[in-house]
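One rule links them: number in this note's numbering = place in the sequence shown (from 1) + 8. Think of the CB as a built atom: it goes at the ideal place given N, C-alpha and C, for glycine as much as any other residue. Remember, predicted model here, so these are calculated numbers, not experimental data. The structure appears below as structure tokens.
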Amino acid sequence: MVMPTEFRDAMSRLGAAVNVVTTNGLAGLGGFTASAVCSVTDSPPTLLVCMNQSSHQYDRFEANGVLCVNVLGAEQEHVSRLFSGQTHASVEDRFAQTNYEYLETGSPVLPDSLVCFDCKIDRIEKVGTHGILFCQVVGIGNGSQAGGLLYFDRAYHRLTSVRPV
């Protein structure tokens, strides 16, 4: 049997883009840093976001039914840290320290991000500790042309060259 710590250690070797996932609606503003985001299909355009159900923001995302995945650029590590909770800033303070706009759903869009996927949450599957949010993309905002920000081996890495290997 694979133990949780063994699994987490192994998953730390799976590099991933760094994203800030935001929401807004009747339940209020919300935002958190996530690397567990991926494409599901392009027809209809759908992606998934994994979110810990024990997060104090989980119910907010579920109630609002909308979100925006902001893919962070190489120079946005500070934004990732802010929304990860490492600074202990409240949700309101996180947004007060960030420039943001809105697309179709009303979820905050971080304009300096590489790209933003504005989404309606289509359904949520609960697996273990997490909710898997299946999200239909209703708008895309293209932002910065900077390199990407990756998370690998429990550390941030900047992808500054976009040349193929």
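- Going by DSSP, E70 is part of the alpha helix (DSSP H) stretching over 66-72.
- Straight through space, the alpha carbons of G147 and S51 are spaced by roughly 14 angstroms.
- Between L80 and L167, the CB-CB gap reaches or exceeds 7 angstroms.
- For the pair N60 and N27, the Cα-to-Cα distance works out to about 15 angstroms.
- Within the DSSP bridge table, the entry for Y108 names no partner.
- Annotated as distal: L118 and S152, with beta-carbon spacing of 7 angstroms or more.
- Judged by beta-carbon spacing, A35 lies beyond the 7 angstroms limit of C58, meaning their Cβ atoms are not closer than that value.
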